Amino acid sequence: MSRRIVRVDLAGRAYDIAIGPQLLDRVGELTAPLLAAPRIIVVSDGIVAPLYGARLTASFEKAGITVGNVVVPAGESSKEFAGFGRLMNDLLDLRPDRKTTLVALGGGVVGDLTGFAAAVLLRGVDFIQVPTTLLAQVDSSVGGKTGINTRHGKNLVGAFYQPRLVIADTDVLDTLPRRELLAGYAEVAKYGLIDDPGFWTWCETNGAALLAGDAAARTYAIEHSCHAKARIVAADERETTDLRALLNLGHTFGHALEAETGFGSDLLHGEAVGAGMAMAFDLSAKLGLCPALDAKRVRHHLSAVGLPVRLRSIGGDNRRQWNATRLIDHMRGDKKAEAGRLTFVLARGIGKAFITREVDTAALRDLLDAAIAA
Numbered sequence: 013m014s015r016r017i018v019r020v021d022l023a024g025r026a027y028d029i030a031i032g033p034q035l036l037d038r039v040g041e042l043t044a045p046l047l048a049a050p051r052i053i054v055v056s057d058g059i060v061a062p063l064y065g066a067r068l069t070a071s072f073e074k075a076g077i078t079v080g081n082v083v084v085p086a087g088e089s090s091k092e093f094a095g096f097g098r099l100m101n102d103l104l105d106l107r108p109d110r111k112t113t114l115v116a117l118g119g120g121v122v123g124d125l126t127g128f129a130a131a132v133l134l135r136g137v138d139f140i141q142v143p144t145t146l147l148a149q150v151d152s153s154v155g156g157k158t159g160i161n162t163r164h165g166k167n168l169v170g171a172f173y174q175p176r177l178v179i180a181d182t183d184v185l186d187t188l189p190r191r192e193l194l195a196g197y198a199e200v201a202k203y204g205l206i207d208d209p210g211f212w213t214w215c216e217t218n219g220a221a222l223l224a225g226d227a228a229a230r231t232y233a234i235e236h237s238c239h240a241k242a243r244i245v246a247a248d249e250r251e252t253t254d255l256r257a258l259l260n261l262g263h264t265f266g267h268a269l270e271a272e273t274g275f276g277s278d279l280l281h282g283e284a285v286g287a288g289m290a291m292a293f294d295l296s297a298k299l300g301l302c303p304a305l306d307a308k309r310v311r312h313h314l315s316a317v318g319l320p321v322r323l324r325s326i327g328g329d330n331r332r333q334w335n336a337t338r339l340i341d342h343m344r345g346d347k348k349a350e351a352g353r354l355t356f357v358l359a360r361g362i363g364k365a366f367i368t369r370e371v372d373t374a375a376l377r378d379l380l381d382a383a384i385a386a
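To convert a position in the sequence shown, counted from 1, into the numbering used here, add 12.
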């Protein structure tokens with residue numbers, strides 16, 4: 013299967029997303045022409061580094077590039093101030109200069125963390141994304157959003173900082189646990205729900221095959237998703253209009269669920285987005301904005317592939333005590349809230365998402381109470 017290229021067309025900062033099999037061993041060759049100097053530092057985590065670190069290092073060294081390595085603990089805990097501080101000191105221990113390029117090898121946590129480090133290290137160095145999860149390949153590695161979490165919420169400290177290149181090796185998905193694949197699949201399906209009902213129909217037909225390992229389906233989904241995100245990012249890079257904010261479908265609910273579960277292993281980010289999208293469509297139907305059948309269709313498909321769209325299925329032991337007031341409080345801390353008003357991406361139907369800041373709190377509370385009881 014040949015390599016596919018998706019262009020993110022930004023004035024002065026355009027870059028390519030390379031998608032295809034066996035790309036990990038070609039990273040050095042593909043990145044060498046973009047480097048300010050033949051020196052890189054790879055940032056990875058304790059799970060991914062043993063799997064792919066040696067191959068990536070060999071690829072760079074074959075291209076005559078000097079390689080340093082920093083490994084962070086796997087998981088969201090690395091995306092906190094303490095973890096970020098440790099990463100910055102570990103990077104500085106390697107004596108980088110402003111022509112050194114950082115390389116993020118891993119999932120969304122590593123990509124967000126490395127991108128933010130690149131934005132502030134020596135007041136800015138280049139970085140390259142080598143995403144190893146489906147979620148990172150279709151979403152978090154593209155578009156330049158970087159950041160870390162705080163006790164007040166997710167990604168509240170960060171920067172818009174674009175990579176020089178994204179390399180998505182589809183073969184690495186073969187080592188992903190199904191749960192991680194599902195988390196990424198939620199972000200794939202999101203693109204259909206935003207403004208592409210034909211792609212949503214494709215997901216309903218082909219989602220199971222994609223998750224089961226169909227290489228052609230995976231490549232198509234990644235390429236299609238990257239085209240969708242690249243188009244939106246090119247039109248609204250810094251989310252100054254509501255266009256890029258549409259990519260947050262499911263995220264106001266999802267981030268609240270993540271905060272309530274402590275950003276831990278009970279709920280992966282993509283799982284939270286999946287549950288959040290189902291709730292966004294449920295709320296849209298409750299408010300009379302979209303057909304109830306569309307909301308039912310969304311919930312049915314996400315549940316059918318295995319995403320935990322019911323709140324009582326989140327947390328492992330099925331005994332979590334959800335509370336609508338706490339969830340709404342988490343939403344009020346979301347970075348998309350404006351002047352105390354919550355921001356939601358709702359829908360007038362599948363493929364018809366829109367932004368609103370006019371959701372009645374009583375209706376929201378009723379929806380959450382019903383979701384908790386379901």
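For glycine and all other residues, C-beta sits at the position ideal for the given N, C-alpha and C. This structure is a prediction, so every number in the text was calculated from the model and none was measured.
Is the separation between the beta-carbon of residue i and that of residue j shorter than 8 Å?
i      : j      : result
SER71  : GLY118 : no
ALA30  : LEU46  : no
GLU216 : VAL285 : no
THR113 : ALA48  : yes
ALA308 : GLY165 : The residue you asked about is not Ala; residue 308 is Lys in the sequence shown. Result no, Cβ atoms of LYS308 and GLY165 do not sit closer than 8 Å.
ARG15  : LEU36  : no
GLN431 : ASP183 : Given a span of 13 to 386 for the chain in the structure shown, any question on residue 431 remains unanswerable.
THR264 : PHE356 : yes
LEU398 : ILE340 : Nothing about residue 398 can be reported from this structure: the residues present for the chain run from 13 to 386 only.
VAL321 : ALA287 : yes
GLY156 : GLU235 : no
THR144 : VAL60  : yes
ASP381 : ALA336 : yes
GLY318 : TRP212 : no
GLY97  : ALA75  : no
In this structure, does DSSP put residue i in helix, strand or coil?
i      : result
ASN335 : coil
LEU117 : strand
ASP57  : strand
ARG353 : strand
LEU261 : coil
LEU280 : coil
PRO85  : coil
Quickly, what does DSSP pair residue i with across the bridge? List them, please.
i      : result
TYR27  : VAL20
ASP181 : GLY32
THR367 : Here residue 367 turns out to be Ile, not Thr, going by the sequence shown. Paired residue(s): VAL357.
GLY165 : THR162
GLY170 : GLY159
THR78  : ARG51
PRO143 : GLY118
Between residue i and residue j, how many whole angstroms is the CB-CB distance? I'm expecting something under 8 Å.
i      : j      : result
VAL310 : LEU168 : The pair is not a contact, with the Cβ atoms about 28 Å apart (cut-off 8 Å).
ARG369 : ARG353 : 4 Å
GLN174 : ARG25  : 5 Å
LEU146 : LEU185 : 6 Å
GLY159 : ASP124 : 6 Å
LEU314 : MET289 : 7 Å
SER89  : GLY120 : 14 Å between Cβ atoms; not a contact.
Determine the burial state of residue i: buried for a count of at least 16 other Cβ atoms within 10 Å of its Cβ, exposed for fewer.
i      : result
THR373 : exposed
LYS111 : exposed
ASN260 : buried
ARG256 : buried
LEU305 : exposed
GLU388 : The chain is shown from 13 up to 386; residue 388 falls before or after that span and cannot be answered.
THR187 : exposed
THR126 : buried
GLU283 : buried
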